[in-house]
Amino acid sequence: MEEQEKMTEESGTKLKTAAFAPHTAVFGDEEARQYLCRNCGAILVTDNHTAMTDCLFCGSQMTLGKRISGDYAPTKIIPFNIPQKNAAKAFQKWRRKIAFAPKEFARGKHIREVTGIYIPVWIYDLKGQGAATLHCTKNKTYDTEEETVTETSHFEVLRKTDLTFRQIPGNASKKLSDRLVNQLKPFDFSDRKDFQISYLASHAAEKYDVTGETLLPRIQKQAQQYMDECIADTVKDYDTAVFEKKEYNISPLTSDYTLLPVWIAYYDYGDEEYIFAMNGQTGKIAANPPISKIKVATSALLIIFFTFLFFRIITVLLGGPLL
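So the mapping is simple: this note's numbering equals the position in the sequence shown, first residue as 1, plus 60.
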C-alpha cells in the first residue's frame, strides 16, 4: 500500500492514511440492466428480466440504458424484512399524526406509492493506531483563615491507542441525503447475505454514485472522532483535558459495496418535494414532512393568548387589578 500523510484542519493533528482498493464483485454477462431517469438523473439497476417504466425517486419515465457486464456489482445485501403492505400502513398512520402538516398531506393528494428500493453504501473496517498528548489539570480547593484557595496542578498526559473499527457504513447515494440515511440507522449488518442478482427481481437497486475511495476520508474522520472519544475516556480523573497533539494512522482493512433495503414514498407540496423512508429491515422511519405555516402561526398565537390569560387569572387571584 502506498502511504499518504496529511495534516488535518484540526490544530496539532497529523493523520496518516493509506491508499486501498474496495472489495467489489462484477456483474456477469448481461445479467443486469440499467435504467436512467432523464429528469432527476437517478440510475437504477434491475435483473435482466425486469422492466422499469417509472423512476422510483421522481416518478418520471425511465430510459433503458446498456445491459451491464463487468461493471461493479455489490458484494453484500440485506434483504427486505418488512412487507410492502406493512410499510404502506405505517406511512398512512404516520402522515395522519403529523401535527402541523397541511390538510392536503393527510388527505393523500400528490403522494406516490410506497416503493421498495435497495440503496448503495460502502461498509468499512479500519485499523486505528496512534498517540495523543493532552494538557490536563486538577484543582484542589481549601480554606484558610482569610480566604478560599484553589490550587491548580498541570499535567502533560500521553495516551496511545490501537483500535479496530468494524462495519462503519458510508452513504454512496447522492439522491438520499446523509441526514436521512443516518436517521434510518441502525441496520443489523450480521444479516448481510452474499449478493445474488435474483434479489433485484423484486426490488430495483440504485447504482452508487460515490466511490469507495471518495467516501473514505469521511469515514476516516469518523474513526478519528472515535479515537478522540476513546482517549478522552481515559482522562476523566482530571478536571480538564485538552488535546495538544495527535498523530493517528487510520488504515482501511476492507470495504464492501453493500445494498440496504428502504421503503420510500415521495410527496409534492408547493414547489418542494418531500420524502418518507422506512428501514426495510427494522421498520424505523425517517422523513421530512411539509409543514403548514398557517398551523404553526395559529398554534403560536394560541399559546401566547392562553399564557397571557393564565397569568392574568393568577394576578387577579392574588389581589391585582383585572386589567
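For glycine and all other residues, C-beta sits at the position ideal for the given N, C-alpha and C. Since the model is a prediction, treat every value here as computed from it, not as a measurement.
Check whether A150 and M338 have beta carbons under 8 Å apart
The residue you call residue 150 lines up with position 90 of the sequence shown. The residue you call residue 338 lines up with position 278 of the sequence shown. Yes. Within cutoff.
For N242, report the span of its alpha helix (DSSP H) as first-last.
Position 182 of the sequence shown, counted from the first residue, corresponds to residue 242. Residues 238–244.
Take L260 as the anchor and find which of I310, I179, L378 has the nearest alpha-carbon.
Translated into positions along the sequence shown, residue 260 becomes position 200. Nearest option by C-alpha distance: I179.
So, under 8 Å CB-CB, T307 and A191 are touching, yes? Tell me the CB distance rounded to an integer number of Å.
Your numbering for residue 307 matches position 247 in the sequence shown. Your numbering for residue 191 matches position 131 in the sequence shown. According to the sequence shown, residue 307 is Glu rather than Thr. Sure, about 6 Å apart at Cβ, within 8 Å.
Bridge partner(s) assigned by DSSP for C196:
Taking the first residue of the sequence shown as 1, we reach residue 196 at position 136. Paired residues: F215, A301.
Rounded separation between Q152 and G230 - CA only:
One-based indexing of the sequence shown puts residue 152 at position 92. One-based indexing of the sequence shown puts residue 230 at position 170. Approximately 30 Å, taken between the alpha carbons.
Buried or exposed (CB count within 10 angstroms, at least 16 for buried), Y334
For this step, residue 334 is matched to residue 274 along the sequence shown. Buried, since its Cβ has 16 or more Cβ neighbours within 10 Å.
Kindly list the residues whose CB is nearer than 8 Å to the CB of S298, restricted to its own chain and excluding five residues on each side of it in sequence; keep chain order.
On the sequence shown, position 238 is the one that residue 298 refers to. In the sequence as presented, Ser is not what sits at residue 298; that position holds Tyr. For Y298, where only same-chain residues beyond five positions count, the Cβ hits under 8 Å are C196, T197, K198, F215, V217.
I'd like the list of long-range same chain contacts for T208, defined as Cβ closer than 8 Å, with 5 residues on each side in sequence excluded.
On the sequence shown, residue 208 is found 148 positions in, with the first residue counted as 1. Around T208: T201, Y202.
Return the chain-ordered list of same chain residues with a C-beta closer than 6 Å to the C-beta of I142, the five sequence neighbours on each side being excluded.
The residue labelled residue 142 in the question sits at position 82 within the sequence shown. Excluding sequence neighbours, I142 sits near G340, G343.
Return the residue from the list S311, L194, I345 that minimises the CA-CA distance to A292.
Against the sequence shown, residue 292 aligns to sequence position 232. Taking only the C-alpha atoms, the option nearest A292 is L194.
Beta-carbon proximity of T106 to R93, cut-off 8 Å
Residue 106 sits at position 46 when you count from the first residue of the sequence shown. Residue 93 sits at position 33 when you count from the first residue of the sequence shown. Yes; because the gap between Cβ atoms is below 8 Å, this pair is in contact.
Our contact map puts A85 next to T135 with C-beta atoms below 8 Å; I'd like the distance itself, whole angstroms only.
Translated into the one-based positions of the sequence shown, residue 85 becomes position 25. Translated into the one-based positions of the sequence shown, residue 135 becomes position 75. Right, their Cβ atoms sit about 5 Å apart.
Tell me whether R278 sits in a helix, a strand or coil according to DSSP, three-state version.
Residue mapping note: residue 278 aligns to position 218 of the sequence shown, counting from 1. Helix.
List the endpoints of the continuous beta strand (DSSP E) containing E111.
By 1-based counting over the sequence shown, the position of residue 111 is 51. Inspection of the sequence shows that residue 111 is occupied by Ala rather than by Glu. Run containing A111: none; DSSP gives neither H nor E here.
What's the call for L378, buried or exposed, on a 16-neighbour Cβ count within 10 Å?
As a working note, residue 378 is residue 318 in the sequence shown. L378 should be labelled exposed.
Tell me where the beta strand (DSSP E) around T123 begins and ends.
Residue 123 sits at position 63 when you count from the first residue of the sequence shown. Per DSSP, T123 belongs to the beta strand (DSSP E) from 122–128.
Residues near L236 by beta carbon distance below 7 Å, same chain, minus five either side
As a first step, residue 236 is located in the sequence shown; it is residue number 176 there, counting from the start. Counting only Cβ-Cβ distances below 7 Å, and skipping sequence neighbours, we find I179.
Leaving aside the five residues before and after I279 along the sequence, list all residues of the same chain whose C-beta is less than 6 Å from its C-beta, in chain order.
On the sequence shown, residue 279 is found 219 positions in, with the first residue counted as 1. Within the same chain, I279 has close Cβ partners Y184, I228, G230.
On the CB-based measure, 16 or more other CB atoms within 10 Å of its CB, does K245 come out buried or exposed?
Reading the sequence shown from its first residue, position 185 is the one you call residue 245. Exposed.
Whole angstroms are fine: how far does the CA of L240 sit from the CA of A346?
Position 286 of the sequence shown, counted from the first residue, corresponds to residue 346. Position 180 of the sequence shown, counted from the first residue, corresponds to residue 240. Using only the alpha carbons, I get a separation of about 6 Å.
Grab me the residues of A265's own chain with a C-beta within less than 6 Å of its C-beta, minus the 5 sequence neighbours each way, in chain order.
In the sequence shown, counting from the first residue as 1, residue 265 sits at position 205. Taken in chain order, the residues that qualify are V105, Y178, L319.
If we count the other Cβ atoms within 10 Å of its Cβ and call it buried at 16 or more, is C115 buried or exposed?
One-based indexing of the sequence shown puts residue 115 at position 55. The residue is buried, with at least 16 neighbouring Cβ atoms inside 10 Å.
Under the assumption that L186 contacts F225 (Cβ atoms under 8 Å), give the Cβ distance between them as a whole number of angstroms.
Here residue 186 is taken as the residue at index 126 of the sequence shown, counted from 1. Here residue 225 is taken as the residue at index 165 of the sequence shown, counted from 1. Their Cβ separation, rounded to whole angstroms, is 4 Å, which keeps L186 and F225 in contact under 8 Å.
Quick check on T294: does DSSP put it in helix, strand or coil?
Translated into positions along the sequence shown, residue 294 becomes position 234. In the structure shown, T294 sits in a helix (DSSP, three-state: H, G or I).
What do you reckon, is the C-beta of Y327 under 7 Å from a heavy atom of the ligand MN?
Of the ligands one can find in the structure shown there are none, so the ligand MN has no counterpart to examine.
Does DSSP put K253 in a helix, in a strand, or in coil?
For the purposes of this step, residue 253 is identified with residue 193 of the sequence shown, where counting begins at 1. It is a strand residue.
Using the beta-carbon count (16 or more within 10 Å), is V322 buried or exposed?
Residue mapping note: residue 322 aligns to position 262 of the sequence shown, counting from 1. Counting Cβ neighbours within 10 Å, V322 comes out buried, since at least 16 surround it.
When the distance is taken between beta carbons, is V270 closer than 8 Å to A232?
For the purposes of this step, residue 232 is taken as the residue at position 172 of the sequence shown. For the purposes of this step, residue 270 is taken as the residue at position 210 of the sequence shown. Yes, these two residues count as a Cβ contact at 8 Å.
May I have the straight-line CA-CA distance separating G176 from I374, to the nearest angstrom?
Along the sequence shown, one-based indexing puts residue 176 at 116. Along the sequence shown, one-based indexing puts residue 374 at 314. Taking the straight line from one Cα to the other gives about 56 Å.
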